[in-house]
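So the structure is just underneath, and the comments pick up after that.
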Amino acid sequence: MAGYRKLSRTSAQRKALIRGQVTALLQHGKIVTTEAKAKEIRKEAEKLIALAVREKDNFETVTVTAKVPRKDAEGKRVKEVVDGKKVTVYDEVQKEIKKDSPSRLHARRQMKKVLYTVKEVPTEAAGKKKNTKEIDLTEKLFNEYAPKYADRNGGYTRIVKIGLRKGDAAMEVLLELV
Numbered sequence: 036m037a038g039y040r041k042l043s044r045t046s047a048q049r050k051a052l053i054r055g056q057v058t059a060l061l062q063h064g065k066i067v068t069t070e071a072k073a074k075e076i077r078k079e080a081e082k083l084i085a086l087a088v089r090e091k092d093n094f095e096t097v098t099v100t101a102k103v104p105r106k107d108a109e110g111k112r113v114k115e116v117v118d119g120k121k122v123t124v125y126d127e128v129q130k131e132i133k134k135d136s137p138s139r140l141h142a143r144r145q146m147k148k149v150l151y152t153v154k155e156v157p158t159e160a161a162g163k164k165k166n167t168k169e170i171d172l173t174e175k176l177f178n179e180y181a182p183k184y185a186d187r188n189g190g191y192t193r194i195v196k197i198g199l200r201k202g203d204a205a206m207e208v209l210l211e212l213v
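Quick note, in my numbering, the sequence shown goes up one by one and the last residue is 213.
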């Protein structure tokens with residue numbers, strides 16, 4: 036018996052389909068799809084969540100000093116004339132950052148291999164590039180899903196049968212995070 040379903044697609048199409056569906060599932064928390072696709076998507080999603088749960092506490096908080104450009108009331112950089120040249124003025128700021136351990140960094144890169152980058156567009160700016168922001172799903176996995184599922188040993192998703200699809204009578208299911 037094969038280790039996966041072919042879903043009537045070439046390997047590249049199948050990989051792209053699964054990546055897209057897993058990304059949508061982790062972004063929204065639930066998706067509606069066919070039963071065969073849901074079972075394949077569930078495998079990938081559960082692997083990613085298990086990876087996040089395993090590596091959720093493998094980091095250290097480090098305080099660093101960073102140079103940040105000084106800005107005026109309009110948000111523009113403050114310039115100062117030094118030796119006849121305009122030079123940006125910088126302030127030194129103390130910041131606390133999370134430094135990943137090597138295993139957590141590897142886990143983050145494994146997740147990035149599977150997940151697509153997601154851009155969220157506010158409703159008032161629909162159809163425009165302005166005000167769009169990228170959602171980091173790896174951070175969402177580590178900060179939101181990992182603490183939620185920390186005491187759970189697998190079984191992070193649920194498949195609920197909805198019924199037959201009207202067009203081709205394929206069984207439709209709701210795949211959601213528990």
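All residues carry an ideal CB built from backbone N, CA and C; glycine is no exception.
How far does the alpha helix (DSSP H) with PRO137 in it reach, from first residue to last?
Position 102 of the sequence shown holds residue 137. Taken as a continuous stretch (DSSP letters only), the alpha helix (DSSP H) holding PRO137 covers 137-149.
Give the C-beta separation of GLN62 and ILE170 to the nearest angstrom, bearing in mind that I take them to be a contact with Cβ-Cβ under 8 Å.
For the purposes of this step, residue 62 is taken as residue 27 along the sequence shown, with counting starting at 1. For the purposes of this step, residue 170 is taken as residue 135 along the sequence shown, with counting starting at 1. With a Cβ gap of about 7 Å, GLN62 and ILE170 count as contacting.
Beta-carbon separation of GLU211 and LYS65 under 8 Å?
Counting from 1 along the sequence shown, the entry for residue 211 is found at position 176. Counting from 1 along the sequence shown, the entry for residue 65 is found at position 30. Contact: yes.
Which one of GLU70, VAL124, ASP186 and LYS91 has the shortest CA to CA distance from LEU140?
As a working note, residue 140 is residue 105 in the sequence shown. Considering only alpha carbons, the answer is LYS91.
Burial state of ALA108, where buried means 16 or more other Cβ atoms lie within 10 Å:
Along the sequence shown, one-based indexing puts residue 108 at 73. It counts as exposed.
Quick check on VAL88: buried or exposed, where buried means 16 or more other Cβ atoms within 10 Å of its Cβ?
Numbered from 1 along the sequence shown, position 53 holds the residue referred to as residue 88. By the neighbour-count criterion, in which a residue is buried when 16 or more other Cβ atoms sit within 10 angstroms of its Cβ, VAL88 is buried.
Report the option in ARG187, ASN188, THR98 and MET146 whose CA atom is closest to the CA atom of ALA80.
Here residue 80 is taken as the residue at index 45 of the sequence shown, counted from 1. Comparing Cα positions, the closest option is MET146.
Exposed or buried, which one is LYS100 when buried takes at least 16 other CB atoms within 10 Å?
Against the sequence shown, residue 100 aligns to sequence position 65. Per the sequence shown, residue 100 should be read as Thr rather than Lys. Exposed, since its Cβ has fewer than 16 Cβ neighbours within 10 Å.
Can you tell me whether TYR214 is helix, strand or coil according to DSSP?
Given that the chain is displayed from residue 36 to residue 213, the structure contains no residue 214 and the question cannot be resolved.
Where does the unbroken beta strand (DSSP E) through GLU109 begin, and where does it stop?
In the sequence shown, residue 109 corresponds to position 74, counting from 1. For GLU109, there is no enclosing beta strand (DSSP E), as DSSP marks it with neither H nor E.
Coarse secondary structure for VAL124, derived from DSSP in three states
Position 89 of the sequence shown, counting from 1, holds the residue named residue 124. VAL124 falls in the coil class under three-state DSSP.
Beta-carbon separation (whole angstroms), LYS111 vs VAL122, contact threshold 8 Å
What you label residue 111 is simply residue 76 of the sequence shown in a count that begins at 1. What you label residue 122 is simply residue 87 of the sequence shown in a count that begins at 1. Rounded, the Cβ-Cβ distance is 15 Å, inconsistent with contact.
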